[in-house]
Every structure is written in C-alpha cells, then in structure tokens.
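Asker:
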Amino acid sequence: MKKLIIGNWKMNLSRQEATALATRLAEMGEGKGTLVVCPPAIWLCDVGQVIEKSSVLLGAQDASPHKKGAFTGDIATPMLADAGVRYVLVGHSERRQHHHEDNALIRAKAEAAQSEGLVPVICFGETEAERAAGRQEEVVATQLAESLPETGAIVLAYEPVWAIGTGKTATIEDVDAMHRFIRGWLERNRVDPQRQACILYGGSVKAANAAGILALADVGGVLVGGASLDADEFWAIAQAI
Ligand code: PGA
11 MKKLIIGNWK MNLSRQEATA LATRLAEMGE GKGTLVVCPP AIWLCDVGQV IEKSSVLLGA
71 QDASPHKKGA FTGDIATPML ADAGVRYVLV GHSERRQHHH EDNALIRAKA EAAQSEGLVP
131 VICFGETEAE RAAGRQEEVV ATQLAESLPE TGAIVLAYEP VWAIGTGKTA TIEDVDAMHR
191 FIRGWLERNR VDPQRQACIL YGGSVKAANA AGILALADVG GVLVGGASLD ADEFWAIAQA
251 I
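Our numbering numbers the first residue of the sequence shown as 11 and each following residue consecutively.
1) Would the beta-carbon of N18 be found less than 8 Å away from any heavy atom of the ligand PGA?
2) With burial defined as no fewer than 16 other Cβ atoms inside 10 Å of the residue's Cβ, what is the status of T29: buried or exposed?
3) So the candidates are S64, S24 and Q26; which of them puts its Cα closest to the Cα of M38?
4) Tell me L99's beta-bridge partners as DSSP assigns them.
5) Between K13 and I251, which are expected to be in contact by the criterion C-beta below 8 Å, what is the C-beta distance as a whole number of angstroms?
6) Between A123 and L158, is the Cβ-Cβ spacing less than 9 Å?
7) For the beta strand (DSSP E) that contains A70, what are its first and last residues?
8) Using only alpha-carbon positions, find the residue among G79, C208, F81 and R200 that is nearest to Y168.
9) Any chance the CB of T176 is under 8 Å from a heavy atom of the ligand PGA?
10) Tell me whether the beta-carbon of A165 lies closer than 9 Å to the beta-carbon of L226.
11) What residue ranges within the stretch 127-192 form continuous alpha helix (DSSP H) runs of no fewer than 4 residues, ordered along the chain?
Structure representation (structure tokens):
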C-alpha cells in the first residue's frame, strides 16, 4: 500500500489560489505516495473538479455527526460524499481546542463519515505539558479508546499538539516510539489489522524532515499543514518516501 500524504490547507487560500495549487498538484502526475488535499469546505467542489481526473484525492477538514437538519453552519457527510470527498479529518487539535470537541463527538463524526463510505482520519496527540509530565502514552491511549469507531476503515493521525505549526518536529525516536505504542495498543485492543494499516504522523512536516519520518516502518504517511500550501514542497514530501 502506498503511503498517504495528506495536505491540510486549514483556513487558507482564496478560490483562485486553491484551484491553482490543486492544478499544479494534478499536473504532477502519479508520485510515490497517495496525495490527498483538504481544502477549506467552501472550495471543495472547485478543487474537486480540478483534481477529478488526476490521482490526487479530495479530503475534508471536518464533518457534522448529523446527517441533515437544523445545524446551521455545519456540513453533513452525505454532502461531502456528494462533492467527491474520500477522506475526512476528525478531531484535529485545532478543533478540539477552538471548538471544544471531545472524544465522543469525534467518534460520532468518524462513524458518520464511515456510514457514507468516507474514511475518517482520526487525529489525536498530547500537549506539551502532558509530554513534559511523561503522560503522552496515557493521553493517547485514552483518545484512542474513546474516539475509535468499533468497525470500519480508519486512518489514524498522531499529531503532538506542540509540534503543530510550531516548526518543532518530534524527533525520529519519539515518532518511532509513539507509533510502536499505538500499533501495540491496537493489537492489545484487538483492532482488526485490516483497519489499522495506516498511522500517520503530523506536526511541522516539511521536505527537509519527511524522509526520516516516512522511512519508519510503523508510519503509514504524514499529515501536512503549512508545507502543503506550496505545491513543490508538498510534492517533495511525497517524493521523500
Ligand atoms: P503543520 O500542521 O504541518 O503546519 O504543523 C499539521 C496539521 O495541523 O495537521
């Protein structure tokens, strides 16, 4: 299976910039990894059209746990599926922090995504204070226990909060240790191996540090924020595999 390289554009780029970036990536052709881009929701259809005939796949940054109805401002998973979305980020630390999302809600969002045939990318990771206190494994174990759906395809994204957007990447040893811990946790909790194939790392990934991270056996790919806004840099990350 190819490693998954997901670009999270967050709340960046105009319509013109988003389609231009998608056009560049679509033109780059089949790379070493599977490329997924997660544009702001308002540009999903525009970007979807641009990448439709390319090997780049469409992802969303969030989804409602509800199928439809009186939820002003939210976007339902059937709508995402209709727009050609394949992957949905759920539980990103920025949503946990700014929108007070908890593990139960994240699980509900992941289940809503699965019910539409979308693959939820479940994000989790410890804060700087939690790591300083040596509690990172305990925190991650709780997040996994409470946010993983019982069945169905999932992608996991370990993103230590202190490494997101800070330029501070976890060391290769730290990434390796945590990914081994997650793999062990999944085995101990009897999560079907078919479902646990992909564990991503995220947090200040760039072309310069991607090769070491992607070389780790337990790392199934990377979730990239800032560096995914530049086509050449994002492509270079995928080519670092
Ligand atoms: P970053 O963001 O690469 O800018 O650190 C990663 C993420 O938020 O998914």
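Glycine included, each C-beta is placed from N, C-alpha and C at the ideal position. The structure presented is a predicted model; accordingly, all values stated were derived computationally and were not measured.
Answerer: So, from the data block:
1) yes
2) Per the 10 Å Cβ criterion, buried.
3) S64
4) Partner(s): V131.
5) 5 Å
6) no
7) L67 to A70
8) C208
9) The answer is yes for T176.
10) The question names Ala, yet the displayed sequence has Val at residue 165. It is not a contact, given that the beta carbons lie outside the stated cut-off.
11) 138-142 and 146-157
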